[in-house]
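K.L.:
After the structure tokens below, expect a handful of questions from me.
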Amino acid sequence: MLYKNLKSGVTLLETIIAMGFTVIIGGALITMALTAMSAQQSSNLRNLATRCAEAKIEEIKNTERVNRSALQSLPVANWNSIFPNSQTDNCPYNTGANFFTRTTTFSNITNGKEASVVVNWTEKGRATSLTLKTHITKWL
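Residue numbers for the sequence shown follow this note's numbering, beginning at 99 and rising by one.
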């Protein structure tokens with residue numbers, strides 16, 4: 099008789115416990131997937147911002163290589179007139195609601211100039227920025 103009762107099947111309590119575990123595990127998997135997608139989107143935006151800043155840095159380096167000695171003698175205030183849209187411009191990348199604004203500034207350093215490019219964008223309602231700098235020195 100005892101053997102017959104053990105083979106009777108799954109009780110209601112066991113079924114409810116199993117369903118509870120299934121719901122908890124499913125919720126955890128969904129949460130992990132949503133977190134991963136959010137992190138990927140944030141990473142993609144930071145990658146685009148980095149490319150935007152690098153493009154301006156390369157533009158500055160390439161222009162500066164053409165006539166290094168003439169550029170080095172100019173005061174910082176005149177550098178902004180040499181580089182088109184050097185004050186503030188929009189990056190060519192548009193991700194729908196996210197627009198990147200790029201600001202370039204120049205400052206004097208020992209034996210040269212420093213170019214600083216700041217890219218700003220809004221991500222999930224908060225302002226985010228990335229800064230890249232390069233030193234332009236007179237080495238020739």
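All C-beta atoms in this analysis are idealised placements derived from N, C-alpha and C, irrespective of residue type, glycine included.
1) State yes or no: is the beta carbon of N142 nearer than 8 Å to at least one beta carbon in chain D?
2) Of all the options V216, V121, K222, which has the alpha carbon lying nearest to the alpha carbon of R149?
3) Helix, strand or coil for N218 per DSSP?
4) Nearest CA to the CA of A153: which residue from N218, I207, R200, T226?
5) By the 10 Å Cβ neighbour count, where 16 or more other Cβ atoms means buried, how is I122 classified, buried or exposed?
6) Quick check on T129: does DSSP put it in helix, strand or coil?
7) Just checking, does the segment 137-144 make contact with the segment 218-228 on the three C-beta pairs under 8 Å criterion?
8) Out of E156, Q139, M135, which has the shortest C-alpha to C-alpha gap to H233?
9) By DSSP, does T208 sit in helix, in strand, or in coil?
10) Quick one: grab the DSSP three-state call for M99.
11) Ignore the nearest five residues each way along the sequence and tell me which others in A213's own chain have a CB closer than 6 Å to its CB.
12) Let me check you understand the geometry: is the CB of C150 closer than 7 Å to at least one non-hydrogen atom of the ligand SAM?
13) Does the beta-carbon of M99 have 16 or more other beta-carbons within 10 angstroms, so that it is buried, or is it exposed?
P.N.:
Working from what's here:
1) This model lacks chain D altogether; it includes just one protein chain.
2) Minimum Cα-Cα distance from R149 among the listed residues V216, V121, K222 corresponds to V216.
3) Here N218 sits in strand by DSSP.
4) Out of N218, I207, R200, T226, R200 has the C-alpha closest to the C-alpha of A153.
5) Under this definition I122 is an exposed residue.
6) In the structure shown, T129 falls within a helical segment according to DSSP collapsed to helix, strand and coil.
7) At 8 Å Cβ cutoff, the stretches touch.
8) Answer by Cα proximity: E156.
9) Looking at T208 - three-state DSSP - the assignment turns out to be coil, as it is neither helix nor strand.
10) Reliability of the predicted coordinates at M99 is poor, the pLDDT of 49 falling under 50, and the value obtained from them is presented with this limitation in mind. Reduced to three states, the DSSP call for M99 is coil.
11) Non-local beta-carbon contacts of A213 in its own chain, meaning distances under 6 Å to residues more than five positions away in sequence, involve I158, F204, T232 in chain order.
12) Judged by which ligands are present, the structure shown has none, so any question about the ligand SAM falls away.
13) Residue placement at M99 cannot be trusted, given a pLDDT of 49 that sits under 50; what the coordinates show is reported in the next sentence. Per the 10 Å Cβ criterion, exposed.
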